[in-house]
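This report concerns only the one structure given below.
Numbering (the numbering used here), first residue to last: 1312 to 1457.
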């Protein structure tokens, strides 16, 4: 019944994209979203003498297992479905999870990989790359990406 469903055929690519999304990437994205929500739920005292933060503070994120789960599941997408349409999304999700784990070197590498692919996620990857460079105190390089 599934004759001709190799990953290079039209139907094969559709099946690969479907399984990549529903077997792995969906769960990776949900784990990432849980990690971000846990950061947003944390009550942070407001210091009225300082600017209010626009983004969640990554200093509180390394304790979250959700980001590690998102990295693992996204890596599964890249390993098991490297040609699926979710591969660049998985790379970006790994970079964002690395960012929240304060692994700025790893995050920078993943964002640059997405940019080098020239995918439709390039603008988002540039934003996250700039954010990573700011966190690494590479302000001039960050400004070049904004």
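Yeah, the Cβ is synthetic: ideal placement off N, Cα and C, and Gly gets one too.
Would you tell me roughly how many angstroms separate the C-alpha atoms of residue i and residue j, rounded to the nearest one?
{"i": "residue 1384", "j": "residue 1436", "result": "19 Å"}
{"i": "residue 1433", "j": "residue 1400", "result": "10 Å"}
{"i": "residue 1315", "j": "residue 1396", "result": "Confidence at residue 1315 is low in this model, with a pLDDT of 43, below 50, so the placement of that residue is unreliable and no value is reported for it."}
{"i": "residue 1440", "j": "residue 1455", "result": "10 Å"}
{"i": "residue 1442", "j": "residue 1414", "result": "13 Å"}
{"i": "residue 1391", "j": "residue 1421", "result": "18 Å"}
{"i": "residue 1345", "j": "residue 1387", "result": "19 Å"}
{"i": "residue 1425", "j": "residue 1457", "result": "16 Å"}
{"i": "residue 1313", "j": "residue 1452", "result": "Note on residue 1313: pLDDT 46, under 50, position unreliable in the model; no value is reported."}
{"i": "residue 1429", "j": "residue 1339", "result": "22 Å"}
{"i": "residue 1350", "j": "residue 1337", "result": "20 Å"}
{"i": "residue 1357", "j": "residue 1389", "result": "40 Å"}
{"i": "residue 1394", "j": "residue 1427", "result": "16 Å"}
{"i": "residue 1449", "j": "residue 1348", "result": "28 Å"}
Is the beta carbon of residue i sitting closer than 9 Å to the one on residue j?
{"i": "residue 1381", "j": "residue 1404", "result": "yes"}
{"i": "residue 1409", "j": "residue 1378", "result": "yes"}
{"i": "residue 1447", "j": "residue 1412", "result": "no"}
Within 10 Å of its beta-carbon, does residue i have 16 or more other beta-carbons around it, so buried, or fewer, so exposed?
{"i": "residue 1419", "result": "buried"}
{"i": "residue 1343", "result": "buried"}
{"i": "residue 1416", "result": "exposed"}
{"i": "residue 1360", "result": "exposed"}
Please state whether DSSP places residue i in a helix, a strand or coil.
{"i": "residue 1434", "result": "helix"}
{"i": "residue 1377", "result": "helix"}
{"i": "residue 1457", "result": "coil"}
{"i": "residue 1420", "result": "helix"}
{"i": "residue 1399", "result": "helix"}
{"i": "residue 1358", "result": "coil"}
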